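> One structure is given below, represented as structure tokens, and several questions about it will come after.
Residue numbers (full-length UniProt numbering): 1 to 133.
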């Protein structure tokens, strides 16, 4: 199944969902520091392995926590080649004073905002979707 590429359709049908829990980004020098824990996501950078974990997992592993985030998922199946969705979503959140870290999965886009901004970010995204023409 091919993902959607029409920006109007993507925004109108993005159906943002605020997932439960608190999530953190941690940088590891060695994946063995995870001690078998399965991160929600990861990305290898020159400086170390960035992992996204539930806050409780990171605390249990005694990892350094700098940023606690809420995780939102856009339920629309967006194509990886779609143009403009990230800009539209990040722009709407920026206009509301909400920082956003975006991760594109194969089927959906995932947004991480400051944990305290989660409900407000959801409202901003719902408003964006409702106003799409």
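By construction, the Cβ of each residue, glycine as well, lies at the ideal position given by its N, Cα and C atoms.
Computed from a prediction, not measured in an experiment: that's the story for all the values here.
1) Tell me the rounded alpha-carbon separation between residue 39 and residue 112.
2) Do the CB positions of residue 114 and residue 69 come within less than 8 Å of each other?
3) Between residue 3 and the rest of its own chain, which residues show a CB-CB distance below 6 Å, the 5 nearest in sequence each way excluded?
4) What separation, rounded to the nearest whole angstrom, lies between the Cα atoms of residue 6 and residue 60?
5) To which residues of the same chain is residue 107 closer than 6 Å at the C-beta, ignoring the five residues directly before and after it?
6) Taking Cβ to Cβ, would you say residue 124 is nearer than 8 Å to residue 92?
7) Using only the alpha-carbon positions, how far apart do residue 10 and residue 41 sit?
8) Kindly indicate the opening and closing residues of the beta strand (DSSP E) around residue 16.
9) Classify residue 32: buried if its beta carbon has 16 or more other beta carbons within 10 angstroms, exposed otherwise.
10) Nearest by alpha-carbon distance to residue 22: which of 126, 57 and 98 is it?
11) Could you check the C-alpha separation between residue 24 and residue 101 for me, to the nearest Å?
12) What's the call for residue 51, buried or exposed, on a 16-neighbour Cβ count within 10 Å?
13) Between 26, 116, 85 and 131, which has its C-alpha nearest residue 98's C-alpha?
In this structure, then:
1) Approximately 15 Å between the Cα atoms of the pair.
2) The Cβ atoms of residue 114 and residue 69 sit closer than 8 Å to each other.
3) Cβ within range, chain order: 77, 78 and 79.
4) The alpha-carbon separation between residue 6 and residue 60 amounts to approximately 43 Å.
5) For residue 107, where only same-chain residues beyond five positions count, the Cβ hits under 6 Å are 77.
6) Going by C-beta atoms, residue 124 is nearer than 8 Å to residue 92.
7) Distance between the alpha carbons of residue 10 and residue 41 is about 23 Å.
8) Counting along the chain, residue 16 sits inside the beta strand (DSSP E) bounded by residues 16-18.
9) With fewer than 16 Cβ atoms within 10 Å of its Cβ, residue 32 is classed as exposed.
10) Residue 57 holds the alpha-carbon nearest to the alpha-carbon of residue 22 among 126, 57 and 98.
11) The alpha-carbon atoms of residue 24 and residue 101 are separated by roughly 12 Å.
12) So residue 51 ends up on the buried side.
13) Nearest option by C-alpha distance: 116.
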